[in-house]
Amino acid sequence: MRECDITHEVRCTPERFWPLYFDADFNRETFLHGLRWDEPTITEFREDEREIIRNIAAHPKLEVGGKVAKLIGERLGYQEWGRFDKATQIFHFRHRTTVFGDRLWIRGRMWTEPLGEDRMRWHSALTIECKILGVGGLLERAVEHNIYKSWPLCSNYWNQWFPAHPEAS
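Numbering (the numbering used here), first residue to last: 15 to 183.
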């Protein structure tokens with residue numbers, strides 16, 4: 015099992031960030047231009063007074079080599095199940111890969127911390143768990159590496175996007 019704790023500063027307030035984070039167009043733009051992945055598919059979206067449920071299917075571009083590349087093949091995808099609690103302002107999520115199913119899970123939560131006018135800290139805490147004998151640790155390290163590579167791509171993209179689109183909320 016691997017743990018990832020990630021924090022990035024973003025040029026946006028939490029009040030502006032969360033509605034955009036759940037906006038289909040903003041999400042698509044982040045995947046296409048920030049991460050340079052394929053467009054995600056929103057498989058479920060619903061909202062009520064307590065929570066937002068957003069589930070997506072995505073195909074990341076991974077940085078893997080050697081044994082890991084042979085294990086995952088050409089095209090790894092994942093399904094994300096996400097739930098944003100409006101009272102706590104915490105987004106809980108879990109990912110299951112298309113290749114390894116229930117043997118490889120990523121679970122986590124994201125939250126924001128205001129830093130004054132037009133700034134915040136974006137926090138993420140993730141757990142990666144792979145239950146495949148002999149290669150579990152190798153796969154967990156590869157996932158961890160790609161998470162630590164992807165999160166800054168998002169924050170860097172957002173730090174350019176938010177000031178360029180002051181009218182978006």
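The beta carbon of each residue, even a glycine, is placed where N, CA and C say it ideally should be.
In the DSSP assignment, Gly150 forms no beta bridge with any residue.
Secondary structure in the segment 26–101: the alpha helix (DSSP H) runs of 4 residues or longer, each lying completely within the stretch, are 28–35, 38–43, 80–86 in chain order.
Comparing alpha carbon positions, the residue from Ile146, Glu131, Val149, His159 closest to Glu29 is Glu131. Excluding five sequence positions before and after Arg16, the CB atoms of its chain that fall closer than 6 angstroms to its own CB belong to Ile142, Glu154, Glu158, given in chain order. Going by DSSP, Ser138 is part of the beta strand (DSSP E) stretching over 134–144. A residue is called buried when at least 16 other Cβ atoms come within 10 angstroms of its Cβ; Pro166 does not meet this threshold and is exposed. Between Phe98 and Trp32, the beta carbon gap of about 7 angstroms places them in contact (Cβ cut-off 8 angstroms). DSSP places Leu129 in the coil class of the three-state scheme, outside both helix and strand.
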